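All remarks here apply to the structure that follows.
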Amino acid sequence: MLLPSHFQPKGRHLMDITIIGTGNMARGIATRALAGGNTVTLLGTDAEKAQALAGELSGDVRTGTVGDPISGDVVVLAVWYQALDDVLARYGDQLTGKTIVDITNPVDPQTYAPLTLEAGSAAQEIAQKAPGAKVVKAFNTTFAGSLLEGRVGGQPLDVFVASDDEDAKATVRDLAESAGLRVLDAGPLAHAQQLEGAGFVHMAIQPGLGGTYATALKIVS
Numbered sequence: 015m016l017l018p019s020h021f022q023p024k025g026r027h028l029m030d031i032t033i034i035g036t037g038n039m040a041r042g043i044a045t046r047a048l049a050g051g052n053t054v055t056l057l058g059t060d061a062e063k064a065q066a067l068a069g070e071l072s073g074d075v076r077t078g079t080v081g082d083p084i085s086g087d088v089v090v091l092a093v094w095y096q097a098l099d100d101v102l103a104r105y106g107d108q109l110t111g112k113t114i115v116d117i118t119n120p121v122d123p124q125t126y127a128p129l130t131l132e133a134g135s136a137a138q139e140i141a142q143k144a145p146g147a148k149v150v151k152a153f154n155t156t157f158a159g160s161l162l163e164g165r166v167g168g169q170p171l172d173v174f175v176a177s178d179d180e181d182a183k184a185t186v187r188d189l190a191e192s193a194g195l196r197v198l199d200a201g202p203l204a205h206a207q208q209l210e211g212a213g214f215v216h217m218a219i220q221p222g223l224g225g226t227y228a229t230a231l232k233i234v235s
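If you're matching positions, the sequence shown starts at 15 in the numbering used here and goes up one per residue.
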């Protein structure tokens, strides 16, 4: 559902956002992006799964297969950390100049144990492997279910954003705020390591909270 027009900033530039992935996080981020009036293209390894997800969403949604050319300026990597190398290899120079949003938390998919990365974080690895891209760490501390609503406990979700590129950071801020979320600037891309640690802790406490993944990290004062 689109936000009412009086909630959308007048004159804001609507974005063409490519989301690579068709899982729960792709659904949640696509829902929020569409709520802000943006166009979304879903790229999946399974074209039928991408089409099925698009059919569940409301707004301007297109679909394709991973490997298809990327038309938009914003690319959200809504995949497991282990899939990043394949995505980066497929797109290579196509990512130059684009805002790349890394939502991953580097964990072992079987045990959910955190991984130690030489680069410091998944986001910093991406920046090394796609040096022409403008990498932003964001959405890794939010869960898919809460993204569908954009709120938890009656309050908007907090989205922590880290990047070395201020223009890219502003783009992600616009994306999130237009969808009713609150953005908190976490500083340079080097702080992605701490954000990934926070994302892991948020995952690790879920069994003690009933395993519903219905919580959010929130800064209050």
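Cβ coordinates follow ideal geometry from the N, Cα and C atoms, glycine included. From a predicted model like this one, the values you see are computed outputs, not experimental measurements.
- Which one of Phe-174, Val-197, Thr-185 has the shortest CA to CA distance from His-205? Phe-174
- Quick one: residues in its chain with C-beta nearer than 6 Å to the C-beta of Ser-135, no 5 flanking neighbours on either side, listed in chain order? Here the set comprises Ala-206, Gln-207, Glu-210.
- Query: Taking the alpha carbon of Gln-88 as the point to measure from, which residue in Thr-32, Leu-171, Ala-176 has its own alpha carbon closest?
  - Reply: The sequence shown places Val at residue 88, not Gln. For the options Thr-32, Leu-171, Ala-176, the alpha carbon positioned closest to that of Val-88 is the one of Thr-32.
- Query: Going straight from the alpha carbon of Ala-66 to that of Gly-213, what length do you get?
  - Reply: 28 Å
- Item | Leu-56 - containing beta strand (DSSP E), residue span | 53–58
- Task: Take the Cβ of Ala-218 as the centre, count every other Cβ of all protein chains shown within 10 Å, and call the residue buried at 16 or more, exposed below.
- Result: exposed
- Minimum C-alpha distance to Thr-59 - residue among Pro-120, Asp-116, Gly-37: Answer by Cα proximity: Gly-37.
- Closest by C-alpha distance to Thr-53, when choosing among Asp-74, Leu-171, Gln-169, Ala-158: Asp-74
- Message: Considering only their Cβ atoms, is the gap separating Gly-42 from Leu-162 smaller than 8 Å?
- Response: yes
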